[in-house]
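Protein chains: 2
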Amino acid sequence: MNYIGIDIGGTSIKGGIVTPEGKIIERFVLPIHHELTGEQIISQLGDMINETLAKMGTKPSDYLGIGVGCPGSINSETGCCDFSNNLNWHYLPIVKILKEKTGMDARIANDANAAMAGEAKFGVGKSYHNLVLVTLGTGVGGGLYLNDHLYVGNEGKGAELGHIIVQMDGLPCTCGLRGCLETYASVTALIRQTKEAMEAHPESKMWDYVEHDINKVDGKTAFETSKQGDETALAVVDRYENYLTVGLVNFCNLFRPDAIVLGGGLSNQRDYLIQGLEKKLQATHYGFTGTPAVKLLVSNLGNDAGILGAAALYLD
Amino acid sequence: MNYIGIDIGGTSIKGGIVTPEGKIIERFVLPIHHELTGEQIISQLGDMINETLAKMGTKPSDYLGIGVGCPGSINSETGCCDFSNNLNWHYLPIVKILKEKTGMDARIANDANAAMAGEAKFGVGKSYHNLVLVTLGTGVGGGLYLNDHLYVGNEGKGAELGHIIVQMDGLPCTCGLRGCLETYASVTALIRQTKEAMEAHPESKMWDYVEHDINKVDGKTAFETSKQGDETALAVVDRYENYLTVGLVNFCNLFRPDAIVLGGGLSNQRDYLIQGLEKKLQATHYGFTGTPAVKLLVSNLGNDAGILGAAALYLD
Chain R
373 MNYIGIDIGG TSIKGGIVTP EGKIIERFVL PIHHELTGEQ IISQLGDMIN ETLAKMGTKP
433 SDYLGIGVGC PGSINSETGC CDFSNNLNWH YLPIVKILKE KTGMDARIAN DANAAMAGEA
493 KFGVGKSYHN LVLVTLGTGV GGGLYLNDHL YVGNEGKGAE LGHIIVQMDG LPCTCGLRGC
553 LETYASVTAL IRQTKEAMEA HPESKMWDYV EHDINKVDGK TAFETSKQGD ETALAVVDRY
613 ENYLTVGLVN FCNLFRPDAI VLGGGLSNQR DYLIQGLEKK LQATHYGFTG TPAVKLLVSN
673 LGNDAGILGA AALYLD
Chain D
373 MNYIGIDIGG TSIKGGIVTP EGKIIERFVL PIHHELTGEQ IISQLGDMIN ETLAKMGTKP
433 SDYLGIGVGC PGSINSETGC CDFSNNLNWH YLPIVKILKE KTGMDARIAN DANAAMAGEA
493 KFGVGKSYHN LVLVTLGTGV GGGLYLNDHL YVGNEGKGAE LGHIIVQMDG LPCTCGLRGC
553 LETYASVTAL IRQTKEAMEA HPESKMWDYV EHDINKVDGK TAFETSKQGD ETALAVVDRY
613 ENYLTVGLVN FCNLFRPDAI VLGGGLSNQR DYLIQGLEKK LQATHYGFTG TPAVKLLVSN
673 LGNDAGILGA AALYLD
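Protein chains in written order, with this note's numbering: chain R, 373 to 688; chain D, 373 to 688.
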């Protein structure tokens, strides 16, 4: 039986009909009109799902249900988006509205947790029992797949991987704490670290890379320039990887996962990033000698990760 | 059906017959003679189990199996003690020997993970779905009970809760890393912090408490003296609780557990410790607003925790 996967983003909602093998056989997109209420938007989504089913010559009972991945603070137990900063939603009962509109079952998870389900069921994590997904983007996020199941914790609000403190009294974090992993290992942090290094090193080739405009610095600047042997860039990458390694060591010691999957924008660096991290992880011996090795993998679901992850909630 | 619970310690092995309700209806103890090999000791243990069964007028098929909690690096999948520093055991196939000797099924886990199972099945954690056990003793240890099951990770070697880095480039840890939670929040760390404060404050009442012998400082010194209002002791307790809170916040943000169970020697401070920690945890909002509350509990299994935890491996 097929599933519906729904990927709620900041500007649009992407949906798809997904087979049990993880193939998307039909797609639809609903632009989000921010002048509408959350109820109205999800109601529109319900209509669009119904239309898609009709168009395919199928009926609700032909599907196991609708899986939804949504940003913000999601209560998987009540099926609500308790809070979404970007969408300005408060206690929006997404599952209830979709069930009423479509007559189908529905499940919801935080988008990062849904992505973890996608990696475990359809992605590079497919053959493993215990996985940690670490997404490196504006923040550090991710999910936990433990004992062959997605782990989301009480109300579905766990797995805030970026908000473990790795430096007591360290840099202030957007969450209100200090020294969270996110403040050292996100792409935002990498950009800050890159700019600081450039300002201290006017001779760095990174200045050429950004055409002498520091506002053009992004997550690629240090990585790409380091490949040309620029010492300042190499030092930025080295330091950034050290920070990230602290997070990975913590996850290794806590979960002893079979594999850690890296996702998010920075995972485009793939082999280059993995190579550096593997060396550093090995050097720290994961904290103890004689422990099982942990594989480092890179997400391979690309743009479909959201839809597939949401649908994968029905495979868990 | 009853179980056999086996608690392997540094100087003796304690065993018991445990009912499904967590009552120990028969006990036995095997002193460990360190001149014997590991194989010989476990073989003796098998004999003692057989004798106990005979004495009770029961046979192997009257029991679900033998649960074993063992210190060191335990591979739950192969049933081996891969390495135990104190016992000097290397790749000792405990499960295999016990099965052969008794004709019963057997399971093994690291003692901290077994203790987590005990708290979840027979202890204060009984009614919860997601739990973290944090034991405060010579080191910081514990276990994870997630999605209603004990989580041990690859080879059963996960849940090294004390070896998450909370201070990059921090104090050296016995594990070889730097800045592990254990180096700040263990009783060993508390004793070090107490001594340092006493040396800086000759006027502290803690000197009276230890009869002016700094070698008598233990985990109780600062806590007990702080109850008398001694400022230096209060500052030690406050700082220690801050360190511990960092670990607890990390576990909250990662697992959003229903409850955290405190165990180990320091949990004797019970209400006093909990009170201080609850205030500090609340002040940090667990990293985010609007998140479900996490209960702080204290282990109540006492000296039987080891036997009950080992038996509980059969309830998982």
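C-beta atoms are modelled at their ideal positions from N, C-alpha and C, and glycine is treated no differently. Keep in mind the model is a prediction, meaning the values are calculated, not measured.
- Along the region 522-537 of chain D, the positions whose C-beta sits under 9 Å from a C-beta of chain R are Leu522, Tyr523, Val524, Gly525, Asn526, Glu527, Gly528, Lys529, Gly530, Ala531, Glu532, Leu533, Gly534, His535, Ile536, Ile537, read in chain order.
- Listed as beta-bridge partners of tyrosine 375 (chain D) by DSSP are D:Val390.
- The shortest C-alpha to C-alpha distance from alanine 486 (chain R) to any of R:Ala426, R:Glu472, R:Gly377, R:Tyr615 is the one to R:Gly377.
- The continuous beta strand (DSSP E) containing alanine 631 (chain R) extends over residues 631-635.
- With 16 or more other Cβ atoms inside 10 Å of its own Cβ, glycine 495 (chain R) counts as buried.
- Contact between valine 633 (chain R) and leucine 680 (chain R) is ruled out by a C-beta separation of about 14 Å, above the 8 Å threshold.
- Contact check for alanine 594 (chain D) and threonine 560 (chain D): beta-carbon distance about 13 Å, past the 8 Å limit, so the pair fails to qualify.
- When secondary structure is reduced to three states using DSSP, glutamine 600 (chain R) falls in the coil class, being assigned neither helix nor strand.
- Just measuring C-alpha positions, the residue of D:Thr510, D:Thr617, D:Asn640 sitting nearest glutamine 654 (chain D) is D:Thr617.
- Taking a 10 Å sphere around the C-beta of isoleucine 421 (chain R), we find 16 or more other C-beta atoms and assign the residue as buried.
- Closest by C-alpha distance to phenylalanine 627 (chain D), out of D:Gly601, D:Val666, D:Tyr644, D:Ile586, is D:Val666.
- Judged by their CB atoms, glutamine 539 (chain R) and glutamine 539 (chain D) are nearer to each other than the 8 Å cut-off.
- No Cβ of chain R is located within less than 8 Å of the beta carbon of arginine 479 (chain D).
- Counting only unbroken stretches of 3 or more residues, the beta strand (DSSP E) elements lying wholly within the region 452-480 of chain R are 452-456, 461-464, in sequence order.
- Residue-level contact check: aspartate 630 (chain R) touches chain D, since one or more beta carbons of chain D fall below 8 Å from its beta carbon.
- The DSSP-derived three-state label of serine 445 (chain R) is strand.
- Isoleucine 389 (chain D) is positioned such that its CB atom lies closer than 8 Å to that of isoleucine 397 (chain D).
- Taking threonine 597 (chain D) as the centre and dropping the five residues before and after it, the same chain places the C-beta of Lys577, Met578, Tyr581, Ala605 closer than 7 Å to its C-beta, in chain order.
- Taking one beta carbon from each stretch, the region 568-575 of chain D and the region 517-536 of chain D have fewer than 3 pairs nearer than 8 Å; the two do not touch.
- Taking a C-beta cut-off of 8 Å against chain R, none of the residues of the region 457-468 of chain D qualify.
- For lysine 468 (chain D), the closest C-alpha among the options D:Gly439, D:Lys652, D:Leu687, D:Cys552 is that of D:Gly439.
- The criterion of a C-beta distance shorter than 8 Å is satisfied by alanine 481 (chain R) and leucine 685 (chain R).
- The Cβ atoms of aspartate 630 (chain D) and asparagine 519 (chain D) lie no closer than 8 Å to each other.
- Here serine 384 (chain R) has Val401, Leu402, Pro403, Ile404 as same chain residues with Cβ atoms under 8 Å from its own Cβ, once five neighbours each way along the sequence are excluded.
- Taking 8 Å as the cut-off, the beta carbon of methionine 488 (chain R) is found no closer than this to the beta carbon of glycine 509 (chain R).
- With a threshold of 16 other beta carbon atoms within 10 Å, asparagine 640 (chain R) falls short and is exposed.
- Interface annotation for the region 609-639 of chain D against chain R: Val618, Val621, Asn622, Asn625, Leu626, Phe627, Arg628, Pro629, Asp630, criterion Cβ-Cβ distance under 7 Å.
- Nearest C-alpha to asparagine 447 (chain R) among R:Gly437, R:Trp461, R:Leu436, R:Gly490: R:Trp461.
- Under the 8 Å criterion on CB atoms, methionine 488 (chain R) is classed as non-interfacial with respect to chain D.
- The Cβ atoms of proline 432 (chain R) and methionine 476 (chain R) lie closer than 8 Å to each other.
- For histidine 521 (chain R), the beta-bridge partners assigned by DSSP are R:Leu518.
- Nearest CB-CB separation between leucine 549 (chain R) and chain D: below the 8 Å threshold.
- Interface annotation, glutamine 539 (chain D): in contact with chain R, CB-CB separation under 8 Å.
- From the listed residues R:Gly511, R:Ala557, R:His521, R:Glu613, the smallest Cα separation to tyrosine 500 (chain R) is found for R:His521.
- Separation of glycine 490 (chain R) and isoleucine 380 (chain D) (C-alpha to C-alpha, rounded to the nearest whole angstrom) is 41 Å.
- Between valine 609 (chain R) and serine 558 (chain R), the CB-CB gap reaches or exceeds 8 Å.
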